[in-house]
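Trainee:
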Amino acid sequence: MDLSFVTSIIEWLQANIMQIIGAFAVLVIGLLIASVLSRWAERALSKSSKFEPTIANFLSNMVKYALWAVVLVTVLSQFGVETTSIIAALGGMALAVGLALQGTLSNVASGVMILVQRPFVVGEAISVDRFTATVQRIGLFTTELKQFDGLFVMVPNSELWNQPIVNLHRHPTRRIELIVGIGYDDSMQQARETLLGLAAADERVLKDPEPQAFVASLDDSSVGIGLRVWCATGDYMQLTWDLTEAAKATFDDKGITIPFPQREITQKAA
């Protein structure tokens, strides 16, 4: 090895020993502070009911990486490096990466918004676009759903966030509306009273709001008699099926007809 090269290194170290010590101290202390603040941010966010564990971890990592960047720039400045150009270069790189990963970053941004705004949480049933399913997992890139027929669906977060979301389980109660067609010769009052009797006999039907029975429509072949009742969200589907079955059976017992579609044809004599 060339002795002059070794000598120049030793001389440089002697001339810059204080900057080296200072840079090393800044590096060690900065990394320790970044680690402590990152863990503190994660614990603080995790304690808040507004933040899911996934978003708490994501934001704490963002804090850590931002502090790492500050430490790196500070260390380089200890050696007289022009940090303005480095910051500009890093900004350009970030812009290029952002453009290249535009779709991915859109999913991440949407995932963050879903986790913060919480239009749905794991375990709730939602209807969005062409999917009606139960939420299984919410990630930063995708959300995993399980349809009621058991099929697994993975949806990019940007597609969920940009669509109207109907949360089927967010509120504790739901309204059921049942429409039953009866013949024009049958008694509308009797049909209304029969449906109200079915509602009163089922303990799953809430008393408040009070059940309502009404004439919903005058159709070509029948008169639509409507029943509106409120129930607990968990009872909605089964109660809908039971009331529909009970309405048909009770109408049959009382002689109230549910007519088939009919059409009258009048033929003029030749």
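Take 1 as the starting number for the sequence shown in full-length UniProt numbering and just add one per residue. Glycine included, each C-beta is placed from N, C-alpha and C at the ideal position.
1. Closer than 8 Å is the cut-off here; do at least three beta carbon pairs connect the region 155-167 with the region 192-207?
2. What do you get for K268, buried or exposed, if any count of 16 or more other CB atoms within 10 angstroms of its CB means buried?
3. Ends of the beta strand (DSSP E) at K146?
4. Can at least three beta-carbon pairs, one atom from the region 217-233 and one from the region 174-187, be found at a separation below 8 Å?
5. Once the 5 residues before and after W161 are set aside, which same chain residues still bring their CB inside 7 Å of it?
6. Identify whether T233 lies in helix, strand or coil by the three-state DSSP scheme.
7. Could you pull the DSSP bridge partners for I33 from this structure?
8. Where does L32 land, buried or exposed, given buried means 16+ other C-beta within 10 angstroms?
9. Taking a contact to mean a Cβ-Cβ separation below 7 Å, would you say S35 touches V63 in this structure?
10. Any chance the region 177-189 sits against the region 128-140, with 3 or more Cβ pairs inside 8 Å?
11. Out of curiosity, what's the CA-to-CA distance linking F251 and T194?
12. Are A23 and V73 close, meaning C-beta to C-beta below 7 Å?
Mentor: Put simply:
1. In the pairwise beta carbon analysis, the region 155-167 is classified as not touching the region 192-207: fewer than three pairs are separated by under 8 Å.
2. exposed
3. T142 to Q147
4. yes
5. Same-chain partners within the cutoff: S110, M113 and I114.
6. Note: T233 maps to helix in three-state DSSP.
7. Its beta-bridge partners do not exist; DSSP assigns none.
8. exposed
9. Note that the C-beta distance between S35 and V63 is not below 7 Å.
10. no
11. 8 Å
12. no
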